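Visitor: This structure is in structure tokens; I'll ask about it shortly.
Residue numbers (the numbering used here): 8 to 155.
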């Protein structure tokens, strides 16, 4: 029993690696074609106190609180993006970005698996946030949000 508990604690710690944004993450290069990526997070009753950490691959470049957004220029091509809360596993999605294209992603709490987040240790296996490709917010909606 004691060894099972210890094993679960170690597994939870490993699987829920902490996230922090890294300075100077290079998302685009001058000699390549670019796409624009707008990532936003709206207000939600779930995860109000948690920030959504956003990464390309394993490089976390943005942290979004509620009602915040960021716009980044990314090399055109196929990329893996991730979203996670501090100390949770990440949600992964792949995007094929075309030159001069603008793509919008919403970072939102994972409502589908909300029931799993309340089970001890199992919550370390369930992403707290997901990234979903969606229509871009209107300019008037963006004016009510904070750019980060």
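A virtual CB, placed ideally from N, CA and C, is assigned to each residue, including glycine. Since the model is a prediction, treat every value here as computed from it, not as a measurement.
(1) Can you grab the Cα-Cα spacing for the pair residue 153 / residue 83, in whole Å?
(2) Which residue wins for smallest C-alpha separation from residue 100, given the options 35, 149, 137 and 141?
(3) With distances taken from CA atoms, which of 73, 92, 57 and 86 is nearest residue 151?
(4) Hey, quick one: how far does the alpha helix (DSSP H) through residue 103 stretch, first residue to last?
(5) Looking at the unbroken alpha helix (DSSP H) that takes in residue 39, where does it start and where does it end?
(6) Around the C-beta of residue 80, are 16 or more other C-beta atoms found within 10 angstroms, so that it is buried, or is it exposed?
(7) Could you tell me which of 90, 105 and 104 sits nearest to residue 98, measuring between CA atoms?
(8) When you compare the CB positions of residue 48 and residue 75, do they come within less than 8 Å of one another, or not?
(9) Kindly give me the distance between the Cβ atoms of residue 106 and residue 42, rounded to whole angstroms, as I take these residues to be in contact under 8 Å.
(10) Taking the alpha carbon of residue 117 as the point to measure from, which residue in 35, 40 and 59 has its own alpha carbon closest?
(11) Taking residue 150 as part of the beta strand (DSSP E), name the residues at either end of that continuous run.
(12) With the cut-off set at 8 Å, would you say residue 135 and residue 69 are in Cβ contact?
Guide: Well, looking at it:
(1) Here residue 153 is taken as the residue at index 146 of the chain shown, counted from 1. Here residue 83 is taken as the residue at index 76 of the chain shown, counted from 1. Their Cα atoms are separated by approximately 26 Å.
(2) Here residue 100 is taken as the residue at index 93 of the chain shown, counted from 1. It is 137 whose Cα lies nearest to the Cα of residue 100.
(3) Counting from 1 along the chain shown, the entry for residue 151 is found at position 144. Comparing Cα positions, the closest option is 73.
(4) Taking the first residue of the chain shown as 1, we reach residue 103 at position 96. Looking at the DSSP string, residue 103 is not in any alpha helix (DSSP H); the run it does join, the beta strand (DSSP E), is 98-104.
(5) Looking up residue 39 in the chain shown gives position 32. Where residue 39 is concerned, there is no enclosing alpha helix (DSSP H), given that its DSSP letter is neither H nor E.
(6) The count along the chain shown starts at 1 and reaches residue 80 at position 73. With fewer than 16 other Cβ atoms within 10 Å, it is exposed.
(7) Residue numbering aside, residue 98 sits at position 91 when the chain shown is read from its first letter. With distances taken between Cα atoms, residue 98 lies closest to 90.
(8) As a working note, residue 48 is residue 41 in the chain shown. As a working note, residue 75 is residue 68 in the chain shown. Yes.
(9) Counting from one through the chain shown, the residue named residue 106 turns up at place 99. Counting from one through the chain shown, the residue named residue 42 turns up at place 35. Confirmed, about 6 Å.
(10) Looking up residue 117 in the chain shown gives position 110. Ranking 35, 40 and 59 by Cα distance to residue 117 puts 59 first.
(11) Position 143 of the chain shown holds residue 150. Where residue 150 is concerned, there is no enclosing beta strand (DSSP E), although the alpha helix (DSSP H) it sits in stretches over 146-150.
(12) For the purposes of this step, residue 135 is identified with residue 128 of the chain shown, where counting begins at 1. For the purposes of this step, residue 69 is identified with residue 62 of the chain shown, where counting begins at 1. Contact flag unset, no.
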